[in-house]
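Visitor: Below you'll find the structure I mean.
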Amino acid sequence: MNGIHDLGGMHGFGPIERETDEPYFHDDWEGRVFGLFFANFAAGHFNVDQFRHGIERMAAAEYLSTSYYEHWLHSFETLLSEKGIVTSEELDRKQAELSQAGGA
Amino acid sequence: MAALTSEIVPGLVAGGASCRMDADVAPKFGVGDKVRAININPIGHTRLPRYIRGKVGTVARDHGVFAFPDTSVSGVHRDPQHVYSVRFEGEELWGADANANSSLYIDMFDNYLESA
């Protein structure tokens, strides 16, 4: 699909930031999202093409304003909801619980 | 339901959930062949970027046989075919605005290519 993910050759995104000694993960949650891919893949919930397609179907503005591993998480939520493994109500409830537990 | 076990994690992480398939499929092209990327605009999944469509490049390497993403997005790996590293010159992709001496190697599935 001709989505926002296919941005090769587009101008206006600024230079690529190069970090010295770049860590695999910039926060603990990113490592958990990385692990979730393999847990879901091994469980047979999706293959890598479905996973990529889940990212490509993100709304354009949301895709551009979220980070790499947020894209992964978005795809998991889309695919697992479509397959009836989780419901959006369950995701909303858990998110509310977590933001309450996290305080501010 | 299958579950992730610690034994299979290293292989999965190293291979990145590879779509390589053990299928005896003949390649349509060989190293050195001139190829043109087809122009398609599917509403579903594809790994053929817009800036490559219609461009002419040269097959640099044959990676072997892999599941075709555009149809494997159905959930089952299918249409096994050769994937090549194809070299496109910067000028072919970006015209006179290209950096001098720039070129791009990109992995292309057999179904994305025709003889040029």
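Chain order of the listed sequences is V and E. Residue numbers for the first sequence follow the working numbering, beginning at 152 and rising by one. Residue numbers for the second sequence follow the working numbering, beginning at 1013 and rising by one. Using N, Cα and C, we set each Cβ at its ideal position, and we do this for glycine too. These numbers come from a predicted model, not from an experiment.
1. Taking Ala1026 (chain E) as the reference, give the member of V:Phe185, V:Asn153, V:Phe164 and V:Asp179 with the closest Cα.
2. Keeping to the same chain, check which residues put their C-beta closer than 8 Å to that of Arg1085 (chain E); ignore five residues upstream and five downstream.
3. The ligand FAD and Pro166 (chain V): does any heavy atom of the ligand fall closer than 7 Å to the residue's C-beta?
4. Is it buried or exposed for Leu1125 (chain E), if we count other Cβ within 10 angstroms and need 16 for buried?
5. Taking its Cβ as the centre, do 16 or more other Cβ atoms sit within 10 Å of Ala1015 (chain E), making it buried, or is it exposed?
6. What is the DSSP secondary structure of Phe1100 (chain E), reduced to helix, strand or coil?
7. So what does Thr1070 (chain E) bridge to, in DSSP terms?
8. What is the rounded straight-line gap between the Cα of Gly1087 (chain E) and the Cα of Ala1079 (chain E)?
9. Where does Val199 (chain V) fall in DSSP's three states?
Guide: Reading off the structure:
1. V:Phe185
2. It is worth fixing the name first, because residue 1085 (chain E) is Val in this sequence and not Arg. Within the same chain, Val1085 (chain E) has close Cβ partners Gly1056 and His1057.
3. What this structure holds is no ligand at all, so the ligand FAD is not there to describe.
4. buried
5. exposed
6. strand
7. E:Lys1046 and E:Arg1099
8. 11 Å
9. helix
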